[in-house]
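Chemist: Okay, handing you the structure first.
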Amino acid sequence: MLRIGVEAAVRPLPRDYYQQWAGTRQGVLGFISYTPFEGSHALFSCVTLDWNDTFTSRDPNCEGQNKAAAQPITGYISSTQIPGTVPLYRCMRGGLKPNNWADHFDTTASNCENVKNPAMDGIIGYIWL
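Letter by letter, the sequence shown follows residues 2 to 130 of the numbering used here.
Structure representation (structure tokens):
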């Protein structure tokens, strides 16, 4: 946990909303920093061009998709594993109805939580529990 003075400068990183209009919050994965720190990188909140999916990205250009207008930067996470952190994976589940759309989500589970039709996008950084 990054500390500035005597106050912690971290916030909860919510689990993905598994966006299916109106979506439901799934809980807290861990904690990320509000501010950059040595060895960190930003996580950006992105939306697909068709507005059907939200996802987290290390790319400030959201991999050619749209930045979330309300909160384009989610926070900062460690680029390498440091004591007290765990890997944060970005996964996608596909083949969802209607129109065979896909859903990105972040998880600490290396097996993408055994969702149907999973695709592992890899480790996007390390978060505190």
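Note that CB positions come from ideal geometry on N, CA and C, so glycine has one too.
1. Do isoleucine 33 and the ligand ZN come close, with the Cβ less than 7 Å from some heavy atom?
2. Pull up the distance between the alpha-carbon of aspartate 104 and that of threonine 55, whole angstroms please.
3. Give every residue of the same chain whose Cβ lies closer than 6 Å to the Cβ of proline 37, excluding the five residues on either side of it in the sequence, and list them in chain order.
4. Please specify which runs of the alpha helix (DSSP H), each continuous and at least 4 residues long, are wholly inside the region 25 to 80, giving them in chain order.
5. Going along the chain, which residues of its own chain have a beta-carbon closer than 8 Å to the beta-carbon of serine 80, five neighbours each way excluded?
6. Let me make sure I understand the geometry here. Which of Pro119, Tyr35 and Cys113 has the alpha-carbon closest to that of proline 73?
7. Under 8 Å, with one C-beta from each stretch per pair, do the region 63 to 72 and the region 88 to 97 reach the 3-pair mark?
Modeler: Answer, in terms of the structure:
1. Only the bare structure without any ligand can be found here, which leaves the ligand ZN out of the picture.
2. Inter-residue distance for aspartate 104 and threonine 55 is about 8 Å (C-alpha atoms, whole angstroms).
3. Listed in chain order, the non-local C-beta contacts of proline 37 below 6 Å within the same chain comprise Tyr77, local neighbours out to five positions each way being set aside.
4. If we require 4 residues or more, the region 25 to 80 turns out to have no alpha helix (DSSP H) run fully inside it.
5. Excluding sequence neighbours, serine 80 sits near Gly40, Ser41, His42, Gly126 and Tyr127.
6. Residue Tyr35 is the option with its Cα nearest to proline 73.
7. Per the Cβ contact rule, the region 63 to 72 is not in contact with the region 88 to 97 (fewer than 3 Cβ pairs under 8 Å).
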